[in-house]
């Protein structure tokens with residue numbers, strides 16, 4: 001869907017376009033500098049971290065990673081990553097399942113109160129989580145679920161991330177209606193139509209939901225900070241938190257080595273799925 | 001589903017009476033059946049909306065009129081929490097003002113950067129996909145604690161930014177330990193993540209029909225005029241969407257504020273953001289009632305701001321897709 005508008009930048013040697021490239025590259029260099037700095041610092045020996053604008057370390061210090069792998073408070077990094085993974089994968093399963101079910105109802109089925117309920121769903125996208133945070137905490141506390149992963153995973157199975165319901169509704173509306181009408185004529189009920197026709201065709205939306213859920217849950221700090229307090233339950237993000245109040249630069253090496261470890265899954269996800277991520281973000285704001 | 005039994009009976013009847021129109025009757029039966037199915041599909045969401053959203057909202061409204069420490073029963077205190085908040089708690093006002101300043105600085109600058117980048121990429125030709133992905137990446141990484149820690153180190157006393165400015169003869173020390181500058185560090189981290197709204201702008205730009213530009217050019221409109229009279233109005237719904245979304249998100253910023261401020265909103269409460277103070281009151285000081293009151297004020301303020309944005313949109317957002 002690339003708009004063809006050759007005339008806008010004029011004719012001849014395309015100085016306008018070259019200027020754009022120069023500008024974009026310059027901005028990109030500045031933007032990516034913090035990431036390069038992070039990667040470089042994680043390999044720097046302690047005495048080089050503080051000094052110098054030099055980005056690259058004089059020698060590669062792998063000791064930072066060795067220290068980082070030991071983890072925090074006697075909990076190894078593997079355990080921390082495992083905890084983050086359990087929560088993130090649980091959240092992904094919950095969101096993909098519950099959001100696609102609700103989205104199908106909103107996108108395809110007719111029912112009383114459809115309009116008001118859809119409006120309610122949209123409104124909850126804008127709802128700040130703090131308005132429900134404390135009562136939810138009280139409930140999970142009384143259920144004995146504080147300091148477990150349940151408060152971070154269970155709500156996802158009830159489609160509380162309305163943003164993904166909306167995203168999937170938008171996508172399902174783009175699937176030709178003739179397909180499910182044909183399925184109905186062939187004797188498929190709403191359930192068969194959903195599982196056989198709509199769900200397979202909604203794969204891009206489901207993948208987008210899965211990836212965003214994974215990244216956002218992996219990055220999340222606030223809820224983990226509130227619900228998890230035993231080091232054995234800590235996620236990689238909570239482990240990084242223990243560096244927050246230390247401003248001593250001698251800890252920079254191991255701290256940023258652990259930061260790199262925490263970012264790595266997101267970077268890999270981004271490289272593998274960038275098409276879905278970019279399109280998913282785009283389709284949330286523009287009618288397809 | 002017990003709903004289906006009477007439905008089917010209803011739809012069988014016209015079919016028996018009017019065999020000439022089986023298609024219509026079949027359609028009615030199908031619709032009725034779908035009504036029952038719809039509630040099955042909706043049930044997880046409905047349960048979540050009722051149990052995890054609407055009920056907690058009401059409960060937190062109730063709690064906001066109580067003193068509650070999680071261990072003893074909530075004690076009704078009327079409007080005390082609100083009165084204390086608005087009249088006797090300077091840290092509350094500090095957090096509110098900090099957040100407001102941050103929203104007013106970060107959101108417009110982030111959107112301006114996003115729009116500029118989208119316009120550039122829209123006419124850059126080759127390499128567009130590469131730039132789009134590269135500019136977008138920070139939006140995914142930026143919420144991470146890792147990046148917040150990097151940010152604090154870069155803007156620390158003796159950090160890279162300090163060193164760089166010093167080499168140009170500007171000695172201003174670290175930004176994160178000066179009350180006047182620390183907030184800006186958090187804002188810069190938000191602006192750094194302009195990729196997400198940029199991607200949405202870009203999708204909006206691609207939907208503007210090329211004929212509009214051709215017509216404007218035939219009418220003698222220059223580049224600036226085409227931007228003002230074609231691009232901006234056609235893009236205004238997308239701009240509006242981004243504005244609402246980013247504003248709502250900005251009010252709730254937490255991780256970078258927590259990290260840059262060393263977890264306590266410092267220096268001198270200059271990065272004491274609203275959510276940070278809410279966390280402090282509720283989960284550090286165990287004033288759940290007070291924190292609930294803070295949450296409700298936040299909810300109302302976000303509601304009012306959103307409503308104002310929607311109202312203002314009538315005069316500047318141009319919807320072309322009626323019908």
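Protein chains in written order, with the UniProt record's numbering: chain A, 1 to 288; chain B, 1 to 323. Yeah, the Cβ is synthetic: ideal placement off N, Cα and C, and Gly gets one too.
Using a 10 Å radius around the Cβ and a threshold of 16 neighbouring Cβ atoms, would you call residue i buried or exposed?
i: residue 277(A); result: buried
i: residue 176(B); result: buried
i: residue 71(B); result: exposed
i: residue 21(B); result: Any reading at residue 21(B) must be qualified, since the residue scores a pLDDT of 47, below 50, and its modelled position is unreliable; the value itself is stated next. The residue in question, residue 21(B), is exposed, as its Cβ has fewer than 16 Cβ neighbours within 10 Å.
i: residue 158(A); result: buried
i: residue 275(B); result: buried
i: residue 222(B); result: exposed
i: residue 179(B); result: exposed
i: residue 324(A); result: The requested residue 324(A) does not occur in the structure, where chain A is confined to residues 1 to 288.
i: residue 13(A); result: exposed
i: residue 268(B); result: exposed
i: residue 177(A); result: exposed
i: residue 44(B); result: buried
i: residue 19(A); result: exposed
i: residue 96(A); result: buried
i: residue 171(B); result: exposed
i: residue 195(A); result: exposed
i: residue 271(A); result: exposed
i: residue 190(A); result: buried
i: residue 143(A); result: exposed
Using 9 Å as the limit for Cβ to Cβ distance, is residue i near chain A?
i: residue 255(B); result: yes
i: residue 131(B); result: yes
i: residue 21(B); result: Residue confidence is low: residue 21(B) scores 47 on pLDDT, short of 50, so the model does not pin down where it sits. No coordinate-derived value is stated.
i: residue 87(B); result: no
i: residue 316(B); result: no
i: residue 93(B); result: no
i: residue 102(B); result: no
i: residue 278(B); result: yes
i: residue 283(B); result: yes
i: residue 199(B); result: yes
i: residue 135(B); result: yes
i: residue 288(B); result: yes
i: residue 313(B); result: no
i: residue 160(B); result: yes
i: residue 173(B); result: no
i: residue 53(B); result: yes
i: residue 38(B); result: yes
Since residue i is in the alpha helix (DSSP H), which residue starts that stretch and which ends it?
i: residue 341(B); result: As shown, chain B starts at 1 and ends at 323. That puts residue 341(B) outside it, with no answer to give.
i: residue 211(B); result: 210-218
i: residue 164(B); result: 160-167
i: residue 94(A); result: 77-108
i: residue 226(A); result: 222-227
Counting only C-beta atoms, is residue i closer than 9 Å to chain B at any point?
i: residue 41(A); result: yes
i: residue 160(A); result: yes
i: residue 112(A); result: yes
i: residue 197(A); result: no
i: residue 170(A); result: no
i: residue 83(A); result: no
i: residue 186(A); result: no
i: residue 226(A); result: yes
i: residue 252(A); result: yes
i: residue 104(A); result: yes
i: residue 148(A); result: no
i: residue 124(A); result: yes
Exercise for the section: Answer yes if the region 200-214 of chain A comes into contact with the region 113-127 of chain A, meaning at least three C-beta pairs across the two stretches below 8 Å, and no otherwise. Expected result: no
Exercise for the section: For the region 97-112 of chain A and the region 37-47 of chain B, state whether three or more C-beta atom pairs, one from each stretch, are separated by less than 8 Å. Expected result: yes
Practice task
Mind listing, in chain order, the continuous alpha helix (DSSP H) runs of no fewer than 4 residues lying wholly within the region 42-87 of chain B?
Solution key: 55-63 and 80-83
Exercise for the section: List in chain order: all unbroken alpha helix (DSSP H) runs of 4+ residues lying wholly within the region 101-150 of chain B. Expected result: 128-141
Practice task
Determine, using beta-carbon pairs with one atom in the region 258-270 of chain A and one in the region 61-80 of chain A, whether at least three such pairs fall under 8 Å.
Solution key: yes
Handout entry: Sufficient close CB pairs (3 or more, under 8 Å) joining the region 208-227 of chain B to the region 93-107 of chain B
Key = no
Practice task
Let me know the beta strand (DSSP E) ranges lying completely inside the region 154-179 of chain A, each 3 residues or longer, listed in chain order.
Solution key: none
Handout entry: Three or more C-beta pairs below 8 Å linking the region 144-151 of chain A and the region 278-298 of chain B
Key = no
Practice task
Jot down the residue ranges of each uninterrupted alpha helix (DSSP H) in the region 257-297 of chain B, minimum 4 residues, whole runs only, in chain order.
Solution key: 274-279
Exercise for the section: Would you be able to state if there are at least three C-beta pairs under 8 Å between the region 132-143 of chain B and the region 160-168 of chain B? Expected result: no
Practice task
Assess, as a yes-or-no matter, whether the region 56-66 of chain A is touched by the region 206-218 of chain A under the definition of 3 or more beta carbon pairs within less than 8 Å.
Solution key: no
Problem - contact_flag[the region 83-99 of chain A, the region 178-192 of chain A] where n(CB pairs < 8 Å) is 3 or more - result: no
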